Structures are given as C-alpha cells and as structure tokens.
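Residue numbers (full-length UniProt numbering), protein chains in the order written: chain A, 1 to 454; chain B, 1 to 523.
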C-alpha cells in the first residue's frame, strides 16, 4: 500500500474506526479463513443477515450490539408486548411503549440511533413462520428464556443440515446459532454449529426445567398447584396483610400462604398443593438484571462476528458465567451426541415406491424412535400435507391418497421434513424431524444397507 | 411514573428493597464516556441508581457513532458527556444526571477534591499514570473506585478500596445450618417426642429426617462413648443403621436421612475463614470501628461463650418429607433458637457499643438479625493500592500465572495492557494505533513488555509472540461488544459494592475475548 493512501485512510473519519482494526488487519489468533480487508467489512455489511430471536433482555442488547459490530441486515422475531417489569433492563423500551409489540419498538429504536442499519421486526410466534424463513439468515442469535423455544429454533436450524455420503456435514448447509441465557447474576453463551458442535438437543440435560407464570394466569385462570400457590403468595398476601412484608423463613407466613393456596386449589378443583410444594414455588422465581444480560449478549454478539468473519478464535463451545460470588467464567467444550435425532445424519426410512402419503404418515406414528403424530410434511419447501391452517389442510388433503414417490418428483432418495407432535416424558411436544427417505428398488439403492431407523 | 416496585420487580427479587434503597441513595461518577463507560452507566441507570455525573472532555466524532449507542448523528461535534448524559436521562427519569465537560486526566491533576462527593467512581479507559493518582485520591477520601478498560478483544476490571465488608453475601450453595452434629436441648427434646418404631406406617414415613438423624445419632453416641461417626467404616455403619430403620421401600424421609447423613458427620464449630475473621485485629473495636466490626466482635464473644463454639443459628430449614404440622413445629424450634441467639448477640452488641462510647441502640435490630442469620457467610474484601500492585506485585503468583496453562494468556494480557500504557507514555500513541508503523510497533511493544517484566522481577519470562501481535493489531480499538461486556461487569460490581450484597471480585479480572478463557488474577 502506498504511503499516500495510508495517510488518506487515517484522515478519513469513519464509523468503523475501531472495528476496522479487527477486520482490515491480518492477525495470528484468527480463524483459518480470515481474509482481512475492506471487502470483508463491506461484505459483512452487505450480505450477512442475522436473525435475533427474542426482543427481551437479551434481544434488545443483541440488536444494539450486532448493529454496532458491523452487521447492517438484522431481523427480530418476538410475540410479546412490552410490560412495566421489562423496563429495568430492556433499555430500548420506555414507559409509554408499554403494551406495544417488543419486536417493533426494538427495531425502530435501534434504527433511529444507528444509521445504515436495517432491522425487520416480526411480531409473531416463532412457529408462525415457514421453516424456509429461517433458512434466509447467515446466523441465528437466540435471546430466549424458554427451553421449548430454543428447542424449536434448534430443530429448525438443524433441519437445514445435510450430510454427504460419508456422513460428513455439508458445509453450505450448516446454519450457525449463537445462544444466550441468563438468570440473576448467572448466564451462559454458546456457539452451535450443527453437525460440528453439539446442538441444543445434544446437551438438553444442561437445562433443568423452569417455572414461570404470567400474573393474569394466576389471577384469572389458575391451572396447576403452582398457580394457586403464587396467587396466594403474590396477590392474596398483600390484599390481606397490607404493609407487612412476606417472610419466606417465617413458618407462620408460609403456612398462611399454604392455607390460602389450598383454599384456592379446592375452589378450582386443582390437586397437588402440599406444604412442601408451596415452599418450592414461593422461593423460586427467575430474576433478571441489566448487567448479566449485557454481558451475555455481548459475548454472543462477539461470537456472531467471529462466525461471520473468522476475525478471531471462536468460543469452543460453551461459556458459563457467574457473577454472584466474585466472578467465575468457564469455557467447556461439550461433545456432540452422535445419535442425536436433531443434528445427526437423520433417520433413514426405507419405503416402497407405491406407498401413499397417508400410509407414510401412519408409519411415522408407529416408528419406535419417532412416534410422530399430527404430521405436516414438506419436501424441498413444498407442502405435501399441512395440518393447519384449515385452508392449507384443505388444499393439501388430496395428496394423502397419492404416492409419496410421485409427490417427491420420483427421486430415488431425498430429505423430507416432518413437523408434528411427539411425546417426551409423557408430555406432548411439537417437533421437527428430518428424514432420509429412500425408495426401494429405484436406481439400484435397493442393495444398500438400509436397516430402518439407523 | 409507574410504581417503581413493578418496574424494578425482577431485580428486587435479587437485592430486595434494602439493596434498591442503597442504589437509589448512591452518587456515581463516570470518567470517560466512550462505549465502556456509557454501557456501564446504562446498566446502572436502568436499575435506578440515585445520581450520576459524567466526566468527559471530548467531542463526539464520526468514529464514536460506530461503537457507542448513547451518541447519534445529531451529537456530532457536541460534548460527548452532554450527549451521553441526555440519553441516560431518557432511560430513567428518576435518575439525577449531570455532566462535566472536562478531561478526567486533567481533573485528577487539578481538582482531586472533586471526587470526594461521590459514593463510587467508575474510571474507564484511564492510562496507568492516571489510575495510580486517582486511586490515591479515592483511597484517602474513602470513595469506592472501579477501573474498567476495553482494549481490542481484551480488557480488565479492577476494584479498589481499603475494605469492603459483606453481611449478605448470598452464596448459592451453602450447607444448611441444622446442627445435627451438635443439637441443642430443645431440638433433642423435640426429637424425643417421636417414636421411630411407631406402628402406623403413614406416621412413620412422615417423621422429618432431621428428627430421624438426631435420634439415630444419639443412639450411636450412646454406644460409641459419646462420639459421632468419623471414619469411613463408621459412616457406612451409621447409614446401615438408618437403612435398618426403614419399614417400607418408599419412605422418602429415610432416603433423605441417608442422603443427609453427612450433616451429622460434618465437623462442629466454625469455618477457618470465619475463624480468621474473628482473629482479625479489627475485632479490637473502638469508637472509630464500623458497625460490621462491632458485630464481629460480638460474634467472637458469642462463639466463645453462649455459642459453645458455634455461630448463632440461621433459623431456616430446608424442605423435607414431613406432615405439615410437624414441619411447621420443627421450623418453630429452629426459629425459637435463632431468636434466642439474636437476643444474645444483641446484648453483647449493646454492651460493646456502650464500652466504646456509642449509643447502645445505634445498630438497628434488623441489622443484628441479618448479621446473625448470615454469621457463617460474612465476607471481608481488602484491596491493594494500584501503585503497590503495579510496583511490587505478588511475585510468586505472577510467576505461577505466567507458566500455568490456564492462566498464561490472561497473565500475558495483563502485562500487555500495562505495556501499552508505557508504550503510549514513551511514543505518544498506542501500539498499532496507526496503520503505517505496525512492524515497528510490534517490536517496540515487545521490548516494552520485556522491560516491564524485568522491572517486576521476572527476568526469564517470555510472552507469546502471537499475543503481542494481536495487541498491536487491536491498536487501542474500543469495540462495542467488548465494551458492553466489560462495562456489564463493571456495573455488576458497582451494584454489589453499593448494595453490600454478594461478593465483589477480589483481584484484577482479565477479559479474554479471543477464546473467552478469562481469569481473575490476584497480584
């Protein structure tokens, strides 16, 4: 580079003054495909597209962090509306925003302050989007507080993953995810490269079940014993004991809540309220603060930049954070579950070319590993059968009696995505599975070893 | 303004009304409002800090728009402190926000008394020479100080104050205080009211495990000369004895008793950490002693006398299989003992206060109660002066860190973060700050770092070349994500220090954004 151009570069004021140091200069502790230069920076701005899932404590931070980390094309999806209790940490929201959709307000606020950044909000459930919607992003960043939602996005991202004939993941089909989570002073940040690092499902044991109830449920529609207890603890106590604080270590206080919870449970015919359970619920509510969200989101944003540019080493692959007693951070390299139903090479199903779509769906329900009911089936983005909405169901119903082989364009083998319900620990959960359908006796595949469910 | 109770609900669950009140009373000063400082204050303002004063002499430049969310295009050319301050005010109108358009380095030189008005000073992006000066000013004025720095993909956070004492340290995992290894008479009597051979199986499976353990331990002591199980073999036998008491397979209370039997084996008395605190010279109290040390002095008296070697009882019990009635009765036994212990501590405290010439009622009962409940969890954090650490670090630790696989990168970052300031003092720019002198800067930074290591007494130590190169590549860049992370930690520490809850970090926290293997260094 000629001296004059260097001089010019220094003189020119640039928004990316600081980021340029990282993106334009060669480094030693970087990824193997790091190619520093203005092209990298410009490509990041022009082509990298990141979806932020959740516009809450983590999501607000993530949008700001990513927008100030060189990403210009962002989208955000969240089904919630803003509440007063969000305001102690979700810094993109103001009191006058209460009641408005989080995704819309968050996107607007960030765009107002950072020019050149485009953020598309989606005020809906993550399940409301077509699966293909998610395939449009280079990276998906998760700022969620529920296992179910994480699991769903993980299913979707892993469904794009394809393996070659040696069961190695095809690189261009890997949909990287960056996931953050917080609780009080604790949190985690992780990088998921489906097919390479463990997916959410591989390490599902890391997440103990969580409990969280909206106040309206407690006040109007209690369903479980825990709802009755929280009603007595959070609402009834204050109504009756005005000004007297509730002390969970005071046995008489606890007993009072227990008695009220029992009354309510009897009133609603809900079983299961015990003294011991009352204690468990009363002492367990998930708290949230601004600092932990900021820390975890920043770690996630940094990793998103690294995945997109390889400008440094990446987190491999799970960071735990605890700031309550001093400060402890730890990086753990978790391993993939080779038999994972979600990110593994997929379940191989061998079929007779004459099988109908209906019969295929029946097989899924009986399949020992899948036990998949209420299936909706898509092939290469085309809906073969959809359970809902009714319009689509009606449109696709006639396919049920047609041959799956024909519906799949007479391909000897291909991937089919099935969305449906499966039971896990006696509970029905929605799931998305990727299946390798192989038709027997077509193009010589009949000789292959095709033990079902491998 | 919505009721703050609702707005702050999720944080009140962590630090309670008292913690919140402390935050709302505090007066914070921020030095330099680049992204690290701005993000630190953002988190504190959201949480409802009392008042803030932003000190920064610079004007907003185009480059600032790319790393700081608290300034925008309309701020260009204006005072950065003013713009940041006005956005912070927008975040929370309950916070009193002020700004001073002055360079912190200059303010430290010219107006040291400026800092004494604050509860806490958060100093971001200061170079070493200013850190050392500010540290002395704050130490003398008894103002809490937090340093935070973001530098490329690295950074650090360091707290500085003479002493920080914590009653409510709120550890996550802490053994409950059941005294199964040393039951007091009322608990023994309560246990005696139960018959472990009761015929009714429903009654049998609802005997609380605390009762089972107290009774079986008593039985054991009688046949073992008054002792409790201590060897591996004895512990096994004790568990067998418990198992033999079961009348059915599904007796959860007995399963709990077996799982909790280690509580019987646990050594009596207080932890070595607490013993060390009781031995501290600060327990020789006088009129200048803090409430905390007056209470520790009372605790020392209690442990030696009434307590018989134990702290006041915490008073709460964990959940366990039991009938509601018996569980509540058991809770009452523990509560009553805790209350009696509080009274004893209160008595000693009043006497001590009188002796040192203070109003005997000057420590509120609520404080004494909380102190007793947390007696086993008390924390004292003391911090070296920055100048002391910089001039004479703990050499054995430093050498250990340099060679330890888990610490060497963090230690390297620590040395290099200091070396860049020396570099800047010598060459008037940070290494790699400009594109045209990279190679020269790398070798200069290397020799500066080696010189620093020599000065610290580590003559043979070497730093990874890769890390030196990276440091030059960073060129003093303040990246938003790193600033948000480092600022997040700084704000978290501010909250812990102001609320006097949880335990602040003890040494220098080195952030390693390269692979996230960050470390705490105690030098």
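Quick reminder that beta carbons are idealized off the backbone N, C-alpha and C, glycines included. Please read these numbers as outputs of a predicted model, since none were measured by experiment.
- Per DSSP, residue 511 of chain B is not a residue of any alpha helix (DSSP H); the beta strand (DSSP E) it occupies stretches across 508-512.
- Per DSSP, reduced to three states, the secondary structure at residue 334 of chain B is helical.
- In the structure shown, the three-state DSSP call for residue 434 of chain A is strand.
- Contact fails between the segment 138-148 of chain A and the segment 109-122 of chain A, because fewer than three Cβ pairs, one in each stretch, are under 8 Å apart.
- Residue 308 of chain B carries a coil assignment under DSSP once its states are collapsed to helix, strand and coil.
- In summary, residue 77 of chain A is buried, with 16 or more beta-carbon neighbours lying within 10 Å of its beta-carbon over all protein chains present.
- In the three-state DSSP reduction, residue 163 of chain B falls in the strand class (E or B).
- Taking 7 Å as the cut-off, the Cβ atoms of residue 410 of chain B and residue 512 of chain B count as close.
- The Cβ neighbour count for residue 260 of chain B, taken over all protein chains shown within 10 Å, is at least 16; the residue is labelled buried.
- Membership of residue 244 of chain B in the alpha helix (DSSP H) is indicated by the continuous run 232-244.
- The beta-carbon of residue 13 of chain B is placed less than 7 Å from the nearest beta-carbon of chain A.
- Secondary structure remark: continuous beta strand (DSSP E) runs of at least 3 residues inside the segment 38-121 of chain A, in chain order: 49-53 and 73-77.
- As computed with DSSP, residue 165 of chain A is found in no beta bridge at all.
- Taking a C-beta distance under 7 Å as the contact criterion, residue 54 of chain B and residue 83 of chain B do not qualify as a contact pair.
- Fully contained in the segment 292-352 of chain A are the following beta strand (DSSP E) runs of length 3 or more, in chain order: 318-322, 328-332 and 347-351.
- Note on residue 200 of chain A: 16 or more other CB atoms within 10 angstroms of its CB, so buried under the neighbour-count rule.
- Linking residue 363 of chain B to residue 223 of chain B through their CA atoms gives a straight-line distance of about 47 Å.
- If you check each beta-carbon in the segment 85-119 of chain B against every beta-carbon of chain A, the ones closer than 7 Å belong to 91.
- The C-beta distance from residue 209 of chain B to residue 240 of chain B rounds to 16 Å, too long to meet the 8 Å contact threshold.
- Beta-bridge annotation (DSSP): residue 382 of chain B is paired with B/163.
- Two segments are said to touch when three or more pairs of C-beta atoms, one from each, lie closer than 8 Å; by this definition the segment 122-133 of chain A does not touch the segment 33-42 of chain A.
- Between residue 97 of chain A and residue 82 of chain A the beta-carbon gap is near 5 Å, inside 8 Å, which marks them as a contact.
- Not a single CB atom of chain A sits nearer than 7 Å to the CB of residue 276 of chain B.
- For residue 519 of chain B, the uninterrupted beta strand (DSSP E) segment begins and ends at 519-521.
- Nearest Cα to residue 189 of chain A within the set A/396, A/433, A/333 and A/401: A/333.
- If you keep only unbroken alpha helix (DSSP H) runs of at least 4 residues inside the segment 168-226 of chain A, you get 215-220.
- With contacts defined as CB atoms closer than 7 Å, residue 314 of chain A and residue 191 of chain A qualify as a contacting pair.
- Here DSSP, grouped into helix, strand and coil, assigns residue 396 of chain A to helix.
- Residues of the segment 271-288 of chain A with a C-beta less than 7 Å from any C-beta of chain B: 275, 276, 279, 280, 285, 287 and 288, listed in chain order.
- Not one beta carbon of chain A lies nearer than 7 Å to the beta carbon of residue 180 of chain B.
- Taking 7 Å as the cut-off, the Cβ atoms of residue 166 of chain B and residue 325 of chain A do not count as close.
- The segment 344-405 of chain B contains, as complete alpha helix (DSSP H) runs of 4+ residues, the segments 365-373, 386-391 and 395-403 (chain order).
- Across the set A/317, A/387, A/311 and A/435, the C-alpha of A/311 shows the shortest separation from the C-alpha of residue 25 of chain A.
- The beta carbons of residue 63 of chain A and residue 52 of chain A sit about 6 Å from each other, so the pair counts as a contact at 8 Å.
- Of the residues assessed, residue 395 of chain A falls on the exposed side of the cut-off, its CB having fewer than 16 other CB atoms within 10 angstroms.
- For residue 16 of chain B, no beta strand (DSSP E) segment is defined; the enclosing uninterrupted segment is the alpha helix (DSSP H) at 9-25.
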